[in-house]
Amino acid sequence: MSEMIMMPHLWPEHVTVGDVVYPPGGVLGPRIQYSIELVMVHNGEMTVWIDGQCRYAPAGSVSILFPGHEERFAFSTQMDTYHSFVHLWLPDLPDEIERRLLRLPWPLPLSSAMHDLTRSALHLRRSSLSTADGLLRTLGLHMLWRYLGEGERLLAGEESGHPAVERARQFIQAHLSESLALADIAQAAAISPPHLIRLFRAEFDRTPIAYLWEQRVRQGIELLENTGLPVGLIAEQCGFQTSYHFSRRVRQATDLSPVEVRRRAWGQEPPHPPESTVQ
1 MSEMIMMPHL WPEHVTVGDV VYPPGGVLGP RIQYSIELVM VHNGEMTVWI DGQCRYAPAG
61 SVSILFPGHE ERFAFSTQMD TYHSFVHLWL PDLPDEIERR LLRLPWPLPL SSAMHDLTRS
121 ALHLRRSSLS TADGLLRTLG LHMLWRYLGE GERLLAGEES GHPAVERARQ FIQAHLSESL
181 ALADIAQAAA ISPPHLIRLF RAEFDRTPIA YLWEQRVRQG IELLENTGLP VGLIAEQCGF
241 QTSYHFSRRV RQATDLSPVE VRRRAWGQEP PHPPESTVQ
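The sequence shown: position 124 = 124 (our numbering), numbered continuously.
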């Protein structure tokens, strides 16, 4: 925050936010990037060629794109890919900040804090607040600074929690649609199941399996609110065996059915699902 105060001119001229679902085998481009863009992959996967250089972003990741480069995208061939994005027009971005951003690993893990900021930004699309534009620009800049801070923490070898917990969390996020057992998660985290349970209880006050189901419900609610995918398909992509199980879990979390969650998010139930436009 102190760096932001020292750079009062670092204020976006404009910020836009959106999300899109690409069906299996979806592609985009080639295109020329025209802004700084943060891309959050929530479901599926994304491969992007930047000036011919191939990079890969799995589910549960956030990556940055810089203006002036040619980009071509390919999305998962096995399942729908849901991602959100924030464009920031920052013509006066200091060279030193750009150099720091370019040094970061690519992509970064999508942290809970970044996920929540993304969700808040998406909700502003439907806001009637007179201050919505200023709020969105503030959130966009906040997300850019968080991306830089989280990336530099990762570069320094620091973790937000125990490294095994972070490995387990990333594995869970990338495999929400699959049938997972505690042993699978522990193996991915390179730690014994009892030790992993103790670490999760210490950090999240819940077991790894309870955390897994929370993330499935959270992902399901996000897809209900931001896509027109059928409830049954959302349930399947989030790892639920049946739509009934998914509906029961959503109601436990929100006191609403999946259809009611979607109606509340959209203001009213639209006659047709929103079109997945290319962004």
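Idealized CB from N, CA, C, for every residue including glycine.
{"Query": "Thr81 versus Asp95: straight-line alpha-carbon distance, rounded", "Result": "33 Å"}
{"Query": "Residue range of the beta strand (DSSP E) that includes Tyr82", "Result": "Thr81 to Trp89"}
{"Query": "Closest by C-alpha distance to Gly44, when choosing among Glu260, Ile234, His245 and Val250", "Result": "Ile234"}
{"Query": "Residue burial classification, Gly239 (beta-carbon count within 10 angstroms, cutoff 16)", "Result": "buried"}
{"Query": "Local conformation of Arg72 per DSSP, three classes", "Result": "strand"}
{"Query": "Beta-carbon proximity of Glu225 to Arg262, cut-off 8 Å", "Result": "yes"}
{"Query": "Bridge-paired residues (DSSP) for Tyr34", "Result": "Tyr34 pairs with nothing; no bridge assigned."}
{"Query": "Exposure label - Pro208; buried when at least 16 CB within 10 Å", "Result": "buried"}
{"Query": "Secondary structure of Arg103, DSSP reduced to three states", "Result": "coil"}
{"Query": "Nearest-angstrom Cβ-Cβ length linking Ser84 and Asp19, presumed shorter than 8 Å", "Result": "4 Å"}
{"Query": "Leu136 and Leu124 closer than 8 Å at C-beta", "Result": "yes"}
{"Query": "Option in Pro230, Val231 and Ile221 with minimal Cα separation from Asp255", "Result": "Ile221"}
{"Query": "First and last residue of the uninterrupted alpha helix (DSSP H) at Arg169", "Result": "Pro163 to Ala174"}
{"Query": "Three or more C-beta pairs below 8 Å linking the region 59-75 and the region 22-32", "Result": "yes"}
{"Query": "Backbone secondary structure at Arg264 - three-state DSSP", "Result": "helix"}
{"Query": "Of the residues Leu182, Ala265, Ser35 and Gly151, the one placed nearest Arg100, counting alpha carbons only", "Result": "Gly151"}
{"Query": "Stretch pair the region 164-183 + the region 54-62: three plus CB contacts closer than 8 Å", "Result": "yes"}
{"Query": "Burial state of Gly157 (16 or more Cβ within 10 Å)", "Result": "exposed"}
{"Query": "Exposure of Arg201, with buried meaning 16 or more beta-carbon neighbours within 10 Å", "Result": "exposed"}
{"Query": "Through-space distance from Thr138 to Ser2, alpha-carbon basis", "Result": "Confidence in Ser2 is poor, its pLDDT being 48 and thus under 50, which makes the residue's placement unreliable; the coordinate value appears in the next sentence. When rounded, the distance between both Cα atoms is 15 Å."}
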